[in-house]
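> After the structure tokens below, expect a handful of questions from me.
Here you go:
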């Protein structure tokens, strides 16, 4: 029996979002690098959903995950919610253009969007709440995003083909 009889790709990606959201929010204090990897994968996945599976349901999904990250991490509504909703609006405006790109161009755009979103989240956190901008932390996230994003993109492409 094929998995596609029970689940479509959108549902599988949402299950993965829940898993990586939980790992990101709860964190493992003994392995801080694992927390950064989960945070990076979560962002990549949410952007992937916005580009490949744009639909109205994503506004609620982006809103809830943005709100959840903000409330669990900083006890305020702010940077993640603003960044996620803004990104989804940009995806909506560029949807027709994005569908005409080759896979490599979409991958590079996903990666650049991910790094830019994380940078904006850090800047908004600094402006709204006075959190210091930690360049070394940002560079760790950017480097791990670059390392893990292509294998994840390949896995997601295979999921899309199989299901």
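Numbering (the working numbering), first residue to last: 1 to 163. C-beta: ideal position from N, C-alpha, C; glycine also.
How about residue 78 and residue 124: do their beta carbons lie closer than 8 Å?
Against a cut-off of 8 Å, the Cβ pair of residue 124 and residue 78 comes out as a contact.
> How close, in whole Å, do the beta carbons of residue 138 and residue 108 come, if the pair is a contact with beta carbons under 8 Å?
Actually they are not in contact, since the Cβ atoms of residue 138 and residue 108 sit about 19 Å apart, beyond 8 Å.
> If you draw a straight line from the C-alpha of residue 82 to the C-alpha of residue 67, how long is it?
Cα to Cα, the separation comes out at about 9 Å.
> Tell me which residue opens and which closes the alpha helix (DSSP H) that residue 116 is part of.
First-last of the alpha helix (DSSP H) with residue 116: 103-129.
> Is residue 154 near the ligand ZN, with its Cβ less than 7 Å from a heavy atom?
For the ligand ZN, the structure offers nothing, since it holds no ligand at all.
> Run through DSSP, which three-state label would residue 1 get?
For residue 1, the pLDDT reaches just 48, beneath the cut-off of 50, and the residue's location in the model is therefore unreliable, leaving the point undetermined.
> With the cut-off set at 8 Å, would you say residue 65 and residue 104 are in Cβ contact?
Cβ distance not < 8 Å, so residue 65 and residue 104 don't count as in contact.
> Secondary structure at residue 55, three-state DSSP: helix, strand or coil?
It is coil, neither helix nor strand.
> Apply the 10 Å Cβ neighbour rule to residue 1 and answer buried if 16 or more other Cβ atoms are within range, or exposed otherwise.
Confidence in residue 1 is poor, its pLDDT being 48 and thus under 50, which makes the residue's placement too unreliable to answer from.
> For residue 42, count the other beta carbons within 10 Å of its own beta carbon; 16 or more makes it buried, fewer makes it exposed. Which is it?
Counting Cβ neighbours within 10 Å, residue 42 comes out buried, since at least 16 surround it.
> Helix, strand or coil: how does DSSP classify residue 92 here?
Three-state DSSP puts residue 92 in a helix.
> Excluding the 5 residues preceding and the 5 following residue 74 in the sequence, name in chain order all residues of the same chain whose CB lies nearer than 8 Å to its CB.
Closer than 8 Å at Cβ, skipping near neighbours: 125, 129, 131.
> My output table needs one value for residue 40: the three-state DSSP class, helix, strand or coil.
Here residue 40 sits in helix by DSSP.
> For residue 40, I'd like the list of residues in its chain whose CB is within less than 7 Å of its CB, leaving aside the five on either flank, ordered along the chain.
So the qualifying residues of the chain are 141, 144, 145, 148.
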